[in-house]
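According to the numbering used here, the stretch in the sequence shown is residues 206 to 525, in order. Contents: one structure, followed by commentary.
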Amino acid sequence: MAKPVRLYICSDLHASERAWRKLINATKANVYQADAVLIAGDLTGKALVPIVRGSDGTWSASLLGSRKVARTDEELAQLERSIADIGFYGVGVSPEERAAMETDPELVRRLFEEQIVRRVREWMTLAADRLEGSGIPLLLMPGNDDDFAIDPVLAESTYAQDVNGQVVELTPWHQLVSMGWSSPTPWSTPRELPEEEFLDRLSVLLKDVRDPRKTVLMTHVPPYDSGLDTAPLLSPSLQPTVSAGDVLRGPVGSKGVRKAIESFKPVLGVHGHIHESGGERRIGSTICINAGSEANHGVLRGYVVDLSESGVERTLRVEG
206 MAKPVRLYIC
216 SDLHASERAW
226 RKLINATKAN
236 VYQADAVLIA
246 GDLTGKALVP
256 IVRGSDGTWS
266 ASLLGSRKVA
276 RTDEELAQLE
286 RSIADIGFYG
296 VGVSPEERAA
306 METDPELVRR
316 LFEEQIVRRV
326 REWMTLAADR
336 LEGSGIPLLL
346 MPGNDDDFAI
356 DPVLAESTYA
366 QDVNGQVVEL
376 TPWHQLVSMG
386 WSSPTPWSTP
396 RELPEEEFLD
406 RLSVLLKDVR
416 DPRKTVLMTH
426 VPPYDSGLDT
436 APLLSPSLQP
446 TVSAGDVLRG
456 PVGSKGVRKA
466 IESFKPVLGV
476 HGHIHESGGE
486 RRIGSTICIN
496 AGSEANHGVL
506 RGYVVDLSES
516 GVERTLRVEG
């Protein structure tokens with residue numbers, strides 16, 4: 206009997222430099238003996254951190270509510286790294302430029318896009334430099350938070366493959382169907398679709414596969430009410446809803462993804478999006494996993510899955 210194919214799966218790295226380097230280093234050393242790596246979306250970060258140049262030659266920034274001051278080039282490099290490690294983008298500015306950022310949304314948007322594109326390009330370069338010749342494919346896709354500006358950078362990568370909206374060969378027996386868009390969220394992120402259109406796109410992709418039951422379905426958003434999509438329920442003002450002192454939680458995943466899984470019965474569902482709902486659940490015959498994410502703490506959460514012709518043989522949640 207043929208040896209199972211081992212997948213290493215993660216998601217929601219959100220521009221964390223530490224998490225990305227952990228992933229690349231673990232893949233290069235083949236710590237998990239993986240035959241392929243899957244990343245289920247959300248590569249980019251969510252915040253710019255101005256690093257302001259003072260008249261005395263120091264640099265200062267506010268990071269997670271604390272003021273940081275760099276007095277030497279070495280301290281500045283350390284500050285920039287600490288910002289990058291939690292998935293933010295540090296940008297050096299003058300006091301005048303910092304003031305302009307408060308009143309000019311277009312300036313902030315431009316700086317933010319420049320930083321997003323730069324880091325994704327650096328990540329793709331690092332992957333090619335470290336992993337070329339390893340024989341381990343790196344299959345990834347944008348998630349709902351990822352700006353479209355990164356798509357050309359992903360397309361130019363000489364090593365990683367953007368599989369968003371595609372059907373590709375994954376194992377000798379299975380195809381991978383991927384979709385990085387999500388159903389609507391309260392934040393109106395770049396890649397969202399109404400549930401019906403979301404299901405229609407998924408269905409078109411799945412109709413092109415050889416055998417739906419021998420597919421791995423990778424969607425950034427998890428299936429609705431699966432236990433992989435439990436998150437705080439928000440009020441109309443986007444604040445957590447509290448009752449009797451407790452934050453109310455409930456399902457926030459995609460009904461379209463759930464319907465697709467129930468209809469096509471893929472062997473494996475790979476998801477992300479809801480960082481605090483990592484785990485493994487079953488919908489009918491389909492095993493669904495969400496690796497969860499603590500990338501902003503520099504923690505790389507993942508799943509190892511052994512997949513053979515007969516199905517999923519083993520799953521193991523891992524942390525690096």
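C-beta: ideal position from N, C-alpha, C; glycine also. Quantities reported herein were computed from a predicted structural model and do not represent experimental measurements.
Excluding five sequence positions before and after Ser440, the CB atoms of its chain that fall closer than 6 Å to its own CB belong to Thr446, given in chain order. Note on the stretch 240-280: there is no whole alpha helix (DSSP H) run with a minimum of 4 residues.
For Asp511, the secondary structure class from DSSP, reduced to helix, strand or coil, is strand.
At a Cβ-Cβ threshold of 7 Å, Glu518 and Pro300 do not count as neighbours. With 16 or more other CB atoms across the displayed protein chains lying within 10 angstroms of its CB, Trp225 is buried. In the structure shown, Val462 falls within a helical segment according to DSSP collapsed to helix, strand and coil.
By the neighbour-count criterion, in which a residue is buried when 16 or more other Cβ atoms sit within 10 angstroms of its Cβ, Phe353 is exposed. Cβ atoms of Ile291 and Ser216 stay farther apart than 8 Å, at about 17 Å. Around the C-beta of Gly455, fewer than 16 other C-beta atoms lie within 10 Å, and the residue is accordingly described as exposed. Distance between Glu337 and Val421, taken at the CA atoms: about 25 Å. Under DSSP, the beta-bridge partners assigned to Asn495 are His476 and Gly484. In this structure, Glu374 sits away from Ser388, with a CB-CB distance that is not shorter than 7 Å. When the beta-carbon positions are compared, His480 and Ser498 come within less than 7 Å of each other. Taking the CA atoms as reference points, Gly516 sits about 23 Å from Arg506. Judged by beta-carbon spacing, Phe317 lies beyond the 7 Å limit of Leu411, meaning their Cβ atoms are not closer than that value.
Closest option to Pro255, judged by alpha-carbon separation, among Leu268, Asp261 and Gly246: Leu268. Restricting attention to beta strand (DSSP E) runs no shorter than 3 residues, the stretch 357-426 encloses them at 372-374, 380-384 and 420-424, ordered along the chain. Under the three-state reduction of DSSP, Ala234 is assigned to coil, being neither helix nor strand. Judged by their CB atoms, Arg335 and Lys464 are not nearer to each other than the 7 Å cut-off. Remark: C-beta atoms of Ala241 and Met423 do not approach each other more closely than 7 Å. By the 16-neighbour rule on beta-carbons within 10 angstroms, Ala231 is buried. At a Cβ-Cβ threshold of 7 Å, Ala496 and Gly483 count as neighbours.
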